[in-house]
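Written out below as structure tokens is the structure these notes cover.
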């Protein structure tokens with residue numbers, strides 16, 4: 002399956018799309034949280050995973066389909082793979098199979114980072130050669146976003162000035178989408194460049210063989 006490049010790849014546009022996708026994910030989280038609270042469902046975290054990956058995968062899908070034949074399966078598999086660790090750990094807690102001594106959110110984020118990065122790598126592998134950079138850069142981007150988000154728990158200990166804490170928290174919250182956008186964008190650009198080079202080399206070899214035959 003060959004890449005279909007309708008417009009030149011723009012790293013800045015990719016980062017912008019990731020940024021608003023991250024914000025969309027936050028909105029989805031707030032909506033799901035309100036709905037669950039209204040029906041008495043509390044102390045679960047699966048909606049966090051579903052919310053953030055829904056917004057991010059939607060933004061990536063709208064952007065990446067400009068270059069490759071990807072259908073809605075990009076979103077579906079991304080949501081399933083990222084949400085799975087959250088649902089699994091919620092189930093373990095709910096049924097008392099294991100008692101987590103600390104907040105398991107960090108474990109959810111770590112597992113989800115690897116599952117979504119690997120799943121998206123396998124999806125990309127079907128349509129382009131050598132997409133290994135996506136897996137590596139995606140893990141880095143999601144890890145930094147996770148660290149920034151988890152750091153919110155510790156910002157109140159930095160200062161007693163509530164305004165400063167608020168500003169730091171806003172920066173940390175918004176930085177998640179930027180981190181993911183930068184690293185996955187660099188991976189996408191590298192993959193596209195490599196693919197173009199391979200196709201150009203293949204075409205040149207075909208032309209050369211034709212005239213030398």
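Residue numbers (my numbering): 2 to 214. Glycine included, every Cβ here is placed at the ideal spot set by N, Cα and C.
Item	Value
Secondary structure of residue 13, DSSP reduced to three states	helix
Pick from 9, 14 and 19 that is closest to residue 139, judged by C-alpha positions	19
C-beta atoms of residue 26 and residue 53 nearer than 7 Å	yes
Assumed close pair residue 83, residue 116 - CB separation to whole angstroms, cut-off 8 Å	7 Å
Under the three-state DSSP convention, the category residue 57 falls into	helix
Cut-off 6 Å between Cβ atoms - residues of its own chain near residue 51, not counting five sequence neighbours on either side	84
DSSP state of residue 25 mapped onto helix, strand, coil	helix
Nearest-angstrom Cβ-Cβ length linking residue 114 and residue 143, presumed shorter than 8 Å	4 Å
Distance, residue 157 Cα to residue 174 Cα	15 Å
Residue burial classification, residue 125 (beta-carbon count within 10 angstroms, cutoff 16)	buried
Inter-residue spacing [alpha-carbon to alpha-carbon] between residue 63 and residue 17	12 Å
Coarse secondary structure for residue 41, derived from DSSP in three states	coil
Sequence-distant residues of its chain with Cβ nearer than 8 Å to residue 209 (five each side left out)	With a pLDDT of only 32 at residue 209, under the threshold of 50, the placement of this residue in the model should not be trusted; the figure read from the coordinates follows. Nothing meets the Cβ criterion.
Residue 160 burial status per 10 Å Cβ neighbour count (16 or more: buried)	exposed
Given residue 28 as reference, the closest of 164, 57 and 13 once Cα atoms are compared	57
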